[in-house]
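Undergrad: Residues 231 to 357 in my numbering are what the sequence shown spells out, letter by letter. In this text, a Cβ means the ideal position worked out from N, Cα and C, and glycines have one as well.
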Amino acid sequence: MKECNQCGKCCIKYGDGGLSASASEIETWESAHPEIYRYVRDGKIWMNPDTGQPLERCPWLRKLPNQSKYICDIYEVRPADCKYYPTTIDEMIRDECEMLEARDRIKPKLAQKKLNKIMAASRPAFE
Ligand code: SF4
Ligand code: SF4
Numbered sequence: 231m232k233e234c235n236q237c238g239k240c241c242i243k244y245g246d247g248g249l250s251a252s253a254s255e256i257e258t259w260e261s262a263h264p265e266i267y268r269y270v271r272d273g274k275i276w277m278n279p280d281t282g283q284p285l286e287r288c289p290w291l292r293k294l295p296n297q298s299k300y301i302c303d304i305y306e307v308r309p310a311d312c313k314y315y316p317t318t319i320d321e322m323i324r325d326e327c328e329m330l331e332a333r334d335r336i337k338p339k340l341a342q343k344k345l346n347k348i349m350a351a352s353r354p355a356f357e
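#1: Going by DSSP, what residue range makes up the alpha helix (DSSP H) through Lys344?
#2: Judging by CA-CA distance, which residue of Ala351, Val270 and Ala355 is the nearest neighbour of Gln342?
#3: Considering only the alpha carbon of each residue, which of Tyr244, Tyr314, Asp325 and Asn278 lies closest to Thr350?
#4: Which complete alpha helix (DSSP H) runs does the stretch 240-275 hold, if anything under 4 residues is left out?
#5: Quick one: any contact between the stretch 237-256 and the stretch 273-281, if contact means 3 or more CB pairs under 8 Å?
Rendered as structure tokens:
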């Protein structure tokens, strides 16, 4: 199991309406981050502020110039849905997450433990 290399695949895959935010996250954005709240409509993210329709890509995902890396422009206040990713080895295999190594597929339980350790500051452990 490697550290995240910021390949951006997860944000590209889920940032087009595949994410959710809690009521308290939305309340925080409404009061403290109106620039983020603009992209919420009827409790859903990320929506086009002009049309109210889901965006095709997360508005906060930014590719670094001359690199194949991406960063999140709202990293400190991103939704828990984003903070929790990746959760399981199956999910990582399905999404072709680049943290995975060949040996993680052979020993998925051990790989899950390693993943939980890497993610300990962001989320609870998953089985
Ligand atoms: S809010 Fe940040 S972490 Fe979440 S999908 Fe967008 S760029 Fe990725
Ligand atoms: S797909 Fe995996 S390696 Fe790529 S940015 Fe997401 S968590 Fe990091």
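TA: This is what the structure gives:
#1: Residue numbering aside, residue 344 sits at position 114 when the sequence shown is read from its first letter. Its alpha helix (DSSP H) spans residues Pro338 to Ile348.
#2: In the sequence shown, counting from the first residue as 1, residue 342 sits at position 112. Scanning Ala351, Val270 and Ala355 for the CA closest to the CA of Gln342 turns up Ala355.
#3: Your numbering for residue 350 matches position 120 in the sequence shown. Per the sequence shown, the amino acid found at residue 350 is Ala instead of Thr. Closest option to Ala350, judged by alpha-carbon separation, among Tyr244, Tyr314, Asp325 and Asn278: Tyr314.
#4: Along the length of the stretch 240-275, whole alpha helix (DSSP H) runs at least 4 residues long occupy 253-262 and 264-267, reported in chain order.
#5: Yes, the stretch 237-256 is in contact with the stretch 273-281.
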